[in-house]
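Read through the structure below, which is laid out as structure tokens, and then see the notes.
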Amino acid sequence: MNRLFSVAAAGLLLLDPGGPRGDGFQDGRTAGVRLENSKIVITGNGAKGGKADGYQLKRPCWYEPGPDASQMLRTQEEVRAYWFRMNPDGTEEQFQAFLKQFKDKIGKPGRWWTPAYNEADARGRACWGGLDQFVWVPPGTTPPAGITLAELVEIARAALTVPEPKVKLNPDVKSYVNLPTWVWLEGVGETTRSVTASIPGIMSATVTASLEDIKIDAGTSSDRAEVREDCGASGRPYQRGGEFTCGVRYLRASIDQPREVYVLTVTTVWPVEVEDDVVPFAYDPVEVGATRDVPVGEVQSTVRRP
58 MNRLFSVAAA GLLLLDPGGP RGDGFQDGRT AGVRLENSKI VITGNGAKGG KADGYQLKRP
118 CWYEPGPDAS QMLRTQEEVR AYWFRMNPDG TEEQFQAFLK QFKDKIGKPG RWWTPAYNEA
178 DARGRACWGG LDQFVWVPPG TTPPAGITLA ELVEIARAAL TVPEPKVKLN PDVKSYVNLP
238 TWVWLEGVGE TTRSVTASIP GIMSATVTAS LEDIKIDAGT SSDRAEVRED CGASGRPYQR
298 GGEFTCGVRY LRASIDQPRE VYVLTVTTVW PVEVEDDVVP FAYDPVEVGA TRDVPVGEVQ
358 STVRRP
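In this text, residue positions in the sequence shown follow my numbering: the first is 58, and each later residue adds one.
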């Protein structure tokens, strides 16, 4: 670890490139991505307005390409007052010795790399603290723990969200034994969601998820419910006289169930693809579910004797 103080340690080294940061995680889960001290920009319609599936990055901290030698020296010189405030016993000689490591790189090919981390991971800050605050890297090389294109794909995947399904049923309030309960989704919006993670001017990676199918769990065993899952991407809205292909036909009433209802779950399935196949493996689909309570009664009939 470089023992000379740098403003990089205070997060002041690089100018913020702007743009949203990754925020693809759920409360109560350590998975996801929230970038700190990072130049990575997260964009795309899949980066917000949806629900994440808790995908976790394999490594919580890394080095990123930073400024060239001249930019780095200028930044360090401009925060002279801050350096002395953080080092109250420091001398001018010590400050000049600190600057020398940056002056020595002027005119040499390469750039400084600096550490960043995933704040959404409980390990992130400690991992970041174990890295040097700046590393000089020759062109065309990556330092140990330096971010790779495959890891940039991972960050895009962790930031990916999809809409939480809103389940519609017909009948909507209560169903009956042997009566088809049609199932479809409402408010899905765009059925293709993409996220791009990029280090501006250096490298970029995009992942895309497309809504392909839905899965239906009737909330009970097959002897009590018949499930039909020829649903397409978002189910089959009820059509009078239409063919029943997506939904549940309950075979027994729910009166003996907890709260006297079946808990039906509809899960959307979003296969994930990586643009340009920059990583040699495939991701599991993003799956996000929603539930509905379905009370099921029995039609009572009266038989009159002549």
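Cβ coordinates follow ideal geometry from the N, Cα and C atoms, glycine included.
These numbers come from a predicted model, not from an experiment.
Within the continuous alpha helix (DSSP H) that includes residue i, where are the two ends?
i, result
"lysine 157", "149-160"
Tell me which same chain residues have a C-beta within less than 6 Å of the C-beta of residue i, skipping the five on either side of it?
i, result
"valine 305", "Thr238, Ala275, Ala282, Val284"
"threonine 249", "Ser267"
"valine 326", "Glu269, Asp270, Pro342, Glu344"
"proline 294", "Trp241"
"valine 356", "Tyr233"
"proline 55", "In the structure as shown, the chain begins at 58 and stops at 363. Residue 55 is therefore absent and cannot be evaluated."
"cysteine 288", "Ile271, Cys303"
"asparagine 175", "Val90, Leu114, Pro117, Gly181"
"isoleucine 163", "Ala126"
"serine 311", "Glu317, Val318, Tyr319, Pro352, Val353"
"tryptophan 185", "Cys118, Pro172, Tyr174"
Would you list the residues sitting across from residue i in a DSSP beta bridge?
i, result
"valine 318", "Bridge partners of valine 318: none, in fact."
"glycine 89", "Gln113"
"arginine 306", "Pro237, Glu283"
"valine 264", "Val252, Val331"
"serine 311", "In DSSP, serine 311 forms no bridge with anything."
"lysine 225", "Trp241"
"serine 232", "Val353"
"lysine 108", "Val219"
Who are the near neighbours of residue i in its chain, counting only those whose CB is closer than 7 Å to its CB and skipping five residues on each side?
i, result
"isoleucine 212", "Gly79, Val90, Ile97, Leu114, Ala254"
"glycine 75", "Confidence at glycine 75 is low in this model, with a pLDDT of 33, below 50, so its placement is unreliable and the value that follows should be read with caution. Here the set comprises nothing."
"alanine 202", "Trp119, Tyr120, Leu188"
"glycine 299", "none"
"glycine 292", "Val240, Trp241, Leu242, Ile271, Cys303"
"tyrosine 340", "Arg214, Val329"
"arginine 349", "Val224, Leu226, Leu321"
"threonine 205", "Thr199"
To which residues of the same chain is residue i closer than 8 Å at the C-beta, ignoring the five residues directly before and after it?
i, result
"isoleucine 259", "Pro122"
"phenylalanine 10", "One cannot answer for residue 10 here, as it falls past the ends of the chain, which runs 58 to 363."
"proline 195", "Pro166, Gly167"
If I follow the unbroken beta strand (DSSP E) through residue i, where does it start and stop?
i, result
"threonine 132", "Taken as a continuous stretch (DSSP letters only), threonine 132 belongs to no beta strand (DSSP E), being part of the alpha helix (DSSP H) at 126-135."
"glycine 346", "343-351"
"alanine 173", "168-175"
"lysine 272", "270-274"
Where does residue i sit, in a helix, a strand or coil, going by DSSP?
i, result
"glutamate 286", "strand"
"proline 186", "Before going on, a small fix: residue 186 reads as glycine here, not proline. Three-state DSSP puts glycine 186 in a helix."
"valine 326", "strand"
"glycine 244", "coil"
"glutamate 121", "strand"
"isoleucine 99", "strand"
"valine 219", "strand"
"valine 192", "strand"
"isoleucine 393", "This structure cannot settle anything about residue 393, because the visible part of the chain is limited to 58 through 363."
"glutamate 355", "coil"
"glycine 203", "strand"
"glycine 292", "strand"
"glycine 68", "Annotation note: pLDDT 33 at glycine 68 (below 50); position unreliable, no value reported."
"arginine 297", "coil"
"alanine 138", "helix"
"glycine 197", "coil"
"glycine 258", "coil"
"glycine 181", "helix"
Following a CB-centred definition, is residue i positioned closer than 8 Å to any heavy atom of the ligand SAM?
i, result
"valine 90", "In the structure on display, the ligand SAM does not appear, and there are no ligands present to speak of."
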